[in-house]
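Student: Pasting a structure here, questions to come.
Number of protein chains: 2
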Amino acid sequence: MNDAPDAVSFGLLGGTVSYGLKRAYLRVIRDLEEALAPHGLTPPLLAALSIAAANPGIAPARLAAAMGHGRSRAAPLLDRLEADGLLERRDGPDRRSLGLHATRAGDLLLRRVTPVLAAHEARMTVGLPDGARDALAAALGTIAASDT
Amino acid sequence: MNDAPDAVSFGLLGGTVSYGLKRAYLRVIRDLEEALAPHGLTPPLLAALSIAAANPGIAPARLAAAMGHGRSRAAPLLDRLEADGLLERRDGPDRRSLGLHATRAGDLLLRRVTPVLAAHEARMTVGLPDGARDALAAALGTIAASDT
DNA sequence: TATTGTTATACTCTATAACTATA
DNA sequence: TATAGTTATAGAGTATAACAATA
């Protein structure tokens, strides 16, 4: 139990949820980027497509809010997904509102990506003791949801 | 138990550690940015200063690696910390190497920021059941540490 | 007047590659 | 040749503000 020649201390930040989150996030986002790249997706594009597919007719502003962003973040993501034929902006309830819908190609891509995502998830949680994965997901959900 | 007019589903991503991490990270980084701004710090600057202070004489490359980055990420952070008088680049063991040292002002700032960070940490974990905070920190550490 | 979607803009974070000095 | 630090450059993510159309 001493294979590092010289362990680095994180000082103030050691053992905090805050900095642990940052380092875990960095690791996860890189792995996911790599896993998705062959499918022409990035993590935010997948998130937008996944939410749109699960909530047919959702408005851009609501999709952005679900992702934790402001309205203006949606446009470039939707532009890209629409250009790739994965999603459509259709008319919404208002003449000023839009309703988003995954296309057939979008649904197929999501199905194709499902095992990729599952493998990624397994890779990220492989070191966790039994039951810790679910507890972790729950704790993360609590933190994210407390976003006033 | 039904106060949201229409809950948004995350589809594929719902319940995953991967996406939970992303949303929790967004919430935490925003809160921390806000909390640190009055002290002239950003989260990465605090991380670099905290690590440098806890590991006197550490080399820039090792500091960057501890933060999960490549060598080139260190320079701009160190430039800024040095310009603010919080950190010094001194000579290292080699003529090509440097040793980083927090200045007195850097140490004082860290001390001043300690309660700010503790309050931030408390804010982020207030919704978690007893014992979940430590389990969360441990799980995050496991994920981050498995970074090959 | 408020809301929806968009555009413009800027700033931070991050990565890759190339350069210099030293080993 | 390899390593340490830096610089240059580019790209992605995010935020704010302002705009046009509609309500």
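In order, the protein sequence lines correspond to chains B and E.
Oh and the first sequence: position 129 is 129 in the numbering used here, straight run, nothing missing.
Quick note, the numbering used here runs 1000 ahead of the 1-based positions in the second sequence.
No residue lacks a Cβ here, since even glycine has one placed at the ideal position from N, Cα and C.
Remember, it's a predicted structure, so these values are computed and weren't measured experimentally.
Output the boundary residues of the alpha helix (DSSP H) element that contains L78/B.
Tutor: As a working mapping, residue 78/B is identified with position 78 in the first sequence. Note, L78/B: alpha helix (DSSP H), 74 to 83.
Student: Using three-state DSSP, classify A102/B as helix, strand or coil.
Tutor: As a position in the first sequence, residue 102/B is number 102, starting the count at 1. In the structure shown, A102/B sits in a strand (DSSP, three-state: E or B).
Student: Which residue wins for smallest C-alpha separation from P115/B, given the options L1012/E, A1132/E, A1118/E, L1109/E?
Tutor: The residue labelled residue 115/B in the question sits at position 115 within the first sequence. Cα-wise, what sits closest to P115/B is L1012/E.
Student: May I ask you to list the residues that DSSP assigns as paired with E1121/E?
Tutor: Within the second sequence, the letter at position 121 stands for residue 1121/E. BP columns for E1121/E are empty, so no partner.
Student: Among the residues of its own chain, which have a CB less than 8 Å from the CB of L1128/E, if the five just before and after it don't count?
Tutor: On the second sequence, position 128 is the one that residue 1128/E refers to. Taken in chain order, the residues that qualify are L1136.
Student: Would you say G1011/E reaches chain B, if we count a Cβ-Cβ gap shorter than 8 Å as a contact?
Tutor: The residue labelled residue 1011/E in the question sits at position 11 within the second sequence. Yes, its Cβ sits closer than 8 Å to a Cβ of chain B.
Student: Do the region 13 to 23 of chain B and the region 1023 to 1030 of chain E meet, that is, are 3 or more Cβ pairs less than 8 Å apart?
Tutor: The region 13 to 23 of chain B vs the region 1023 to 1030 of chain E: in contact.
Student: With a threshold of 8 Å between beta carbons, is L78/B in contact with chain E?
Tutor: Start at 1 with the first residue of the first sequence, and residue 78/B comes out as number 78. No, no contact with chain E.
Student: Between T1125/E and the rest of its own chain, which residues show a CB-CB distance below 6 Å, the 5 nearest in sequence each way excluded?
Tutor: Sequence index remark: in the second sequence, residue 1125/E carries index 125 (1-based). The residues are R1133.
Student: Should A105/B and L86/B be called a contact, given that it needs their Cβ atoms to be closer than 8 Å?
Tutor: On the first sequence, position 105 is the one that residue 105/B refers to. On the first sequence, position 86 is the one that residue 86/B refers to. Yes.
Student: How far does the alpha helix (DSSP H) with I31/B in it reach, from first residue to last?
Tutor: For the purposes of this step, residue 31/B is identified with residue 31 of the first sequence, where counting begins at 1. With the sequence shown as reference, residue 31/B is identified as Asp, and Ile is not the correct amino acid for it. It spans 17 to 36 - the alpha helix (DSSP H) in which D31/B sits, taken as one unbroken run.
Student: Is the Cβ of V1116/E closer than 8 Å to any Cβ of chain B?
Tutor: Position 116 of the second sequence, counting from 1, holds the residue named residue 1116/E. No - not a single Cβ of chain B is within 8 Å of the one on V1116/E.
Student: Do you know whose CA, among S146/B, D147/B, A139/B, A145/B, lies nearest V1017/E's CA?
Tutor: Indexing the second sequence from 1 puts residue 1017/E at position 17. The residue with the shortest Cα to Cα distance from V1017/E is A139/B.
Student: From G1141/E to G15/B, what does the alpha carbon distance come to, in whole angstroms?
Tutor: Here residue 1141/E refers to the residue found at position 141 of the second sequence. Here residue 15/B refers to the residue found at position 15 of the first sequence. C-alpha separation (whole angstroms): 8 Å.
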